[in-house]
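Below: one structure, written as structure tokens.
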């Protein structure tokens, strides 16, 4: 198969899988904020988060019902085989009962627990959406990096093809040995292998992004220039950011509310020592009363209930719930302490990644210059095919290293924003 035909075939195979060469005329490139918006709309993890809030709201409403009255209606009828004294076979009556708790001690801590649990679920839902947004942003950057590597691999194939054609022409003219053409053929095969591997990596990255956003990702992606600029210019002292992160991070706020909810739950057994008091009013109606009966009867009852001794159940519940609350408090304390470490590590990683990216840029510029100069020297007969092959390989390795360094810098910046309790973008999460 001719070399040119083989290169064209590789590009055609790579085109539908990656879509990196040109954007579709029908639409604009997919931006990172659009990908995040799609993920928050379509991804099941993001859609499930509000449902937990609704569940907690239902539990709060149930806890609130302990303070409200209840109204119950009832009716009964009796059919006898023989008549009674008044000659009736069927007798009936109806009741309407209104119950109002006056003192329900256990309802107060349980209501406070449900209130804190609702706030915890709201913060947890925010955290879950934030995690989905960051996962999408990371996947978006990985797709861009994979396509940059694929672009570099395709350029290497183009250079290797041109070098092979040049080597064949020089060999046929007797200006170089056929070994140069053989070496150029080997270099082209290596470049084609890199294209195949890079194509697979780009396909996998796009598949993962499509899974997160909940739909196929077609066309090209827009590079997040603002994220790159922020990653290159961000400077902040870790200590000045930790307190703000503690106040801002949804997972910390959720853990705090969860701790308070469990503490309220642990207080409930002690409230059982207090008597409960309720008021009950009832109206009883007889549709067909006897002469000695009243057609309706009203009663008002005040009920006092005091469980003086419950075989130690309340103290056992108190011990169990207190241990659960203290365990959660320790988890919250550990999470708060880890914020300092997360911020410190993220800043260190970002600084190291920025320096590595700067070095990778210099390395790529030098490798490109070496490749261009060696190609000129080879055409002039002043360089060997081995030197040209080595220069092209170094250039490709440098371009791959540059793409990897750029990804590391962008990911380090995202991890810093995650540690600080921010969203992946400055404009916040789409609602």
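Numbering (my numbering), first residue to last: 241 to 671. Note that CB positions come from ideal geometry on N, CA and C, so glycine has one too. Small disclaimer: the values here were computed from a predicted structure and weren't measured.
Rounded separation between residue i and residue j - CA only
i	j	result
residue 339	residue 306	11 Å
residue 418	residue 627	16 Å
residue 604	residue 621	25 Å
residue 380	residue 636	23 Å
residue 514	residue 301	24 Å
residue 366	residue 289	8 Å
residue 485	residue 570	19 Å
residue 408	residue 421	6 Å
residue 475	residue 488	19 Å
residue 273	residue 442	20 Å
residue 557	residue 660	38 Å
residue 560	residue 378	42 Å
residue 285	residue 369	8 Å
residue 364	residue 384	30 Å
residue 638	residue 572	45 Å
residue 387	residue 394	10 Å
residue 582	residue 473	20 Å
residue 413	residue 403	15 Å
residue 437	residue 399	18 Å
residue 282	residue 574	33 Å
residue 405	residue 634	21 Å
residue 308	residue 336	17 Å
residue 653	residue 584	12 Å
residue 313	residue 523	10 Å
residue 607	residue 630	10 Å
residue 435	residue 448	20 Å
residue 445	residue 493	33 Å
residue 455	residue 463	20 Å
Same chain only: Cβ atoms within 6 Å of residue i, ignoring 5 sequence neighbours per side
i	result
residue 691	No answer is possible for residue 691: the residues shown for the chain start at 241 and end at 671.
residue 564	502
residue 521	338, 540
residue 396	431, 636
residue 586	655, 656, 659
residue 317	332
residue 562	506
residue 642	600, 604
residue 361	292, 293, 296
residue 310	339
residue 334	315, 525
residue 354	299, 300, 303
Host alpha helix (DSSP H) of residue i (start-end)
i	result
residue 333	Looking at the DSSP string, residue 333 is not in any alpha helix (DSSP H); the run it does join, the beta strand (DSSP E), is 330 to 343.
residue 349	347 to 412
residue 290	284 to 304
residue 620	Counting along the chain, residue 620 falls outside any alpha helix (DSSP H), and DSSP gives it neither H nor E.
residue 440	418 to 453
residue 648	625 to 659
residue 325	Here residue 325 belongs to no alpha helix (DSSP H), and DSSP marks it neither H nor E.
residue 466	465 to 473
Own chain partners of residue i with C-beta closer than 8 Å, once the 5 adjacent residues on each side are dropped
i	result
residue 357	296, 299, 300, 497, 498, 501
residue 349	504, 505, 507, 508, 511
residue 325	530
residue 347	303, 306, 307, 341
residue 415	621
Beta-carbon contacts of residue i that lie in its chain and below 7 Å, excluding the five residues immediately before and after
i	result
residue 650	381, 467, 468, 471
residue 547	512
residue 615	628
residue 619	406
residue 516	343, 344, 345, 545
residue 580	482
Buried versus exposed call for residue i [16 or more other C-beta atoms within 10 Å across all chains shown]
i	result
residue 551	exposed
residue 374	buried
residue 555	exposed
residue 553	exposed
residue 495	buried
residue 666	exposed
residue 480	exposed
residue 376	buried
residue 359	buried
residue 276	buried
residue 269	exposed
residue 460	buried
residue 483	exposed
residue 662	buried
residue 612	exposed
Run of the beta strand (DSSP E) containing residue i, from where it starts to where it stops
i	result
residue 318	310 to 319
Proximity test, Cβ basis, 8 Å: residue i and chain D
i	result
residue 296	Note that chain D does not occur in the displayed structure, where there is just one protein chain.
(Q) Which complete beta strand (DSSP E) runs does the segment 483 to 551 hold, if anything under 3 residues is left out? (A) 516 to 525, 536 to 545
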